[in-house]
Amino acid sequence: MEKNVRRLVPFEDLPEEEVGSRQLDDDTLASYQKQFNYSAEELDSVLRVLGENGQEAVGSMGDDTPFAVLSSQPRIIYDYFRQQFAQVTNPPIDPLREAHVMSLATSIGREMNVFCEAEGQAHRLSFKSPILLYSDFKQLTTMEEEHYRADVLDITFNPAEASLSETVKALCDKAEQMVREGTVLLVLSDRNIAKDRLPVPAPMALARSRPVWSIKVCAAMPTSSLKPPAPAIRITLRSCSASARPLSIRTSPMKRWRSWSTAKLSIKPTVR
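Laid out in structure tokens, this is it:
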């Protein structure tokens, strides 16, 4: 089974034209940043450091910001899952230094009985991290084999036509229908935001998709089929919060890299 398993081609091994690049102009990018509550502080203190150094900014332990529920500023849903204290694990959770007992490697594809080794299990696609790059996402969504059929489910809605609750229920029904019709990779896309269209928060859309799990949907990714968004995911905490939803998900928080380009050029969009 190991010799038949398929893996994504690493970013470093792809020709430059397949790597992908920013496709948003500055005005469109600023609109997305405002919609998903990016602040000038985040752009400068978080994304700029992340983009320049390849790792998160180092700060003091603890968090002195208000609880999201008590904050006077608009907060996104991920902030409501944030701990207000520093928690230490023993042994440390470090997949790099503890590689012999820990791994971020994950896989996508139809699940089978893990107690019965069979050829069909080799149809699961393996990759090193649950965080997808442009090239990773493109490879996943352009596979023609029936074992990796991908379809997109739009999770934006018009609040004048339906409430958030009604929209989420409709999304679940649509997701179940798509899976019964053969979808293996279900892509939840919040890309189509507009003046009259708001996105359903990705964790909510994923959590409410629990019934779909019973009919073997393999993955639900809060991303877009053309330009990987999950724009609200811009720090590790939010990636973990999304990954903790009931389904086996993969995130592709690529707008934060575009936002880093904006921060690096000192282009400060109007955000609250």
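Residue numbering for the sequence shown is 6 to 277, as defined by my numbering.
Here a beta-carbon is modelled for each residue, glycine too, at the ideal position from N, C-alpha and C.
{"Item": "Applying the criterion that 16 or more other CB atoms from any shown protein chain within 10 Å of the CB defines a buried residue, is His105 buried or exposed?", "Value": "exposed"}
{"Item": "Can you name the residues that DSSP bridges to Ala155?", "Value": "Leu190"}
{"Item": "Which residue comes first and which comes last in the alpha helix (DSSP H) that contains Thr33?", "Value": "Asp31 to Gln40"}
{"Item": "Of all the options Glu22, Leu48, Leu203 and Tyr153, which has the alpha carbon lying nearest to the alpha carbon of Thr161?", "Value": "Leu203"}
{"Item": "Kindly indicate the opening and closing residues of the beta strand (DSSP E) around Ser112.", "Value": "Thr111 to Ile113"}
{"Item": "With three or more beta-carbon pairs closer than 8 Å as the criterion, would you say the stretch 51 to 62 touches the stretch 166 to 176?", "Value": "no"}
{"Item": "Are Asp159 and Asn197 closer than 7 Å when you measure CB to CB?", "Value": "yes"}
{"Item": "Can we say the stretch 183 to 192 touches the stretch 145 to 154, given the rule of at least three CB pairs closer than 8 Å?", "Value": "yes"}
{"Item": "Among Val74, Glu122 and Asn95, whose alpha-carbon lies nearest the alpha-carbon of Arg87?", "Value": "Val74"}
{"Item": "Sorted by chain position, which residues of the same chain lie with C-beta nearer than 8 Å to Lys179's C-beta, five sequence neighbours on each side aside?", "Value": "Leu158"}
{"Item": "What is the DSSP secondary structure of Pro204, counted as helix, strand or coil?", "Value": "strand"}
{"Item": "Just mark Ile98 as buried or exposed, buried being the case when its beta carbon has 16 or more other beta carbons within 10 Å.", "Value": "exposed"}
{"Item": "Give every residue of the same chain whose Cβ lies closer than 6 Å to the Cβ of Asp201, excluding the five residues on either side of it in the sequence, and list them in chain order.", "Value": "Asn163"}
{"Item": "Could you check where the alpha helix (DSSP H) with Met183 kicks off and where it finishes?", "Value": "Leu169 to Arg185"}
{"Item": "Pull up the distance between the alpha-carbon of Phe142 and that of Ala123, whole angstroms please.", "Value": "27 Å"}
{"Item": "Starting from Glu116, follow the alpha helix (DSSP H) in both directions and report where the run begins and ends.", "Value": "Element bounds for Glu116: n/a, residue is neither H nor E."}
{"Item": "Phe41: buried (16+ other C-beta within 10 angstroms of its C-beta) or exposed?", "Value": "buried"}
{"Item": "Could you give the DSSP three-state label for Phe162: helix, strand or coil?", "Value": "strand"}
{"Item": "Secondary structure at Leu130, three-state DSSP: helix, strand or coil?", "Value": "strand"}
{"Item": "Please report the Cβ distance between Ser108 and Leu130, rounded to the nearest whole angstrom; I am assuming they are in contact, meaning their Cβ atoms lie under 8 Å.", "Value": "With 8 Å as the limit, Ser108 and Leu130 do not qualify as a contact, their Cβ atoms being about 16 Å apart."}
{"Item": "By the 10 Å Cβ neighbour count, where 16 or more other Cβ atoms means buried, how is Phe72 classified, buried or exposed?", "Value": "exposed"}
{"Item": "Does Arg196 come out as helix, strand or coil in the three-state DSSP assignment?", "Value": "coil"}
{"Item": "In the structure shown, what three-state DSSP assignment does Arg53 receive?", "Value": "helix"}
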